[in-house]
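Engineer: The sequence shown begins at 1 in full-length UniProt numbering and counts up one residue at a time.
Glycine is no exception: its CB is placed at the ideal position from the N, C-alpha and C atoms.
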Amino acid sequence: METLIILLVGVLVSIGTYLILSRRLLRIVLGASLISHAVNLLLITSGGLKTGSAPLLSERTQQFTDAIPQALILTAIVINFAVTALVLVLGYRAYQSFGSDDMEQLRGNEYE
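(1) What's the gap between the Cα of R93 and the Cα of I73?
(2) Ends of the alpha helix (DSSP H) at M103?
(3) Note down, in chain order, each residue of its chain lying with its Cβ closer than 7 Å to the Cβ of L34, except the 5 sequence neighbours on either side.
(4) CB-CB under 8 Å to residue 115, same chain, minus the five flanking residues each way: which ones, in chain order?
(5) To the nearest angstrom, report how far apart D66 and T84 are at their CA atoms.
(6) Counting along the chain, where does the alpha helix (DSSP H) carrying T3 start and finish?
(7) Relative to the C-alpha of T3, which candidate in N40, Q96, N109, S46 has its C-alpha closest?
(8) One question on the structure: do A38 and V9 come within less than 7 Å of each other, judged by their Cβ atoms?
Printed below as a string of structure tokens:
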């Protein structure tokens with residue numbers, strides 16, 4: 001199962017890198033979001049895909065799951081959502097102000 005998720009992480013990183021190298025601002029934002037999701041999957045996979053009970057001290061279980069990677073991923077998802085929303089609003093404002101979402105035009109470089 002871990003091998004499948006690692007392959008999925010590789011596919012997400014490659015698609016995200018392709019989108020980040022684009023000229024359009026919306027594609028850049030979506031690419032950064034995809035890479036962030038890939039990193040989240042990588043972290044949860046490196047924490048181990050174990051089955052077990054909750055880590056309670058009163059129970060006498062042999063196998064339990066670690067809650068720290070899950071808490072870190074949940075925090076990262078919330079932060080990623082907030083940052084993506086902020087960058088989308090800034091991109092929309094730039095589109096309203098300058099009439100384009102092309103990065104070369106926003107930098108002031110004219111191309112043909």
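Structural biologist: Put simply:
(1) Near 30 Å, if we compare the C-alpha coordinates of I73 and R93.
(2) Its alpha helix (DSSP H) spans residues 103 to 107.
(3) Result list for L34: L12, I15, G16, L19, in chain order.
(4) Since the displayed the chain opens at 1 and closes at 112, residue 115 lies outside it and no answer follows.
(5) So the two alpha carbons sit approximately 28 Å from each other.
(6) Per DSSP, T3 belongs to the alpha helix (DSSP H) from 2 to 20.
(7) The shortest Cα separation from T3 among N40, Q96, N109, S46 belongs to S46.
(8) Contact flag set, yes.
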